[in-house]
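**Student:** For the sequence shown, position 40 matches number 40 in my numbering, and the numbering has no gaps at all.
Glycine residues also receive a C-beta, built at the ideal position from the N, C-alpha and C atoms.
Computed from a predicted structure; not experimentally measured.
I have a structure I would like to understand better, so I am pasting it below and will then ask my questions one at a time.
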Amino acid sequence: MDKTVTLKTTLTISGATCQGCAKKIRNALESLAGSTDLVEVDLDNQTVALPDGIDAEEAARIVTETGYPAEPVQAEGGECCDSQSEKAESCCA
């Protein structure tokens, strides 16, 4: 029986340019995700997708400490869209 995992937690990253970078990010997030297979790194779009339920702030902190600045992506209509001060620097800009 195949187990399907829905990826819902997303981070934006910067500075990841190759599969070596992607591997470092996957390995760093293994403890949160449970497996490197559950971490999807999209180098073209500079995003990381994780299983639902992962603490996005903690994941962003881990990726940033690994050397790739990261921030959680807020869902449409999320908290970032409610604050004008954050709007200019967020997904809502």
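(1) Kindly list the residues whose CB is nearer than 6 Å to the CB of Gly-15, restricted to its own chain and excluding five residues on each side of it in sequence; keep chain order.
(2) Cα separation between Pro-72 and Arg-61?
(3) Kindly list the residues whose CB is nearer than 6 Å to the CB of Lys-8, restricted to its own chain and excluding five residues on each side of it in sequence; keep chain order.
(4) What first and last residue would you give for the beta strand (DSSP E) that runs through Leu-50?
(5) For the stretch 12-71, list the beta strand (DSSP E) runs that are entirely contained and at least 3 residues long, ordered along the chain.
**Tutor:** Reading off the structure:
(1) Tyr-68
(2) 10 Å
(3) Asp-52
(4) 47-51
(5) 40-42, 47-51
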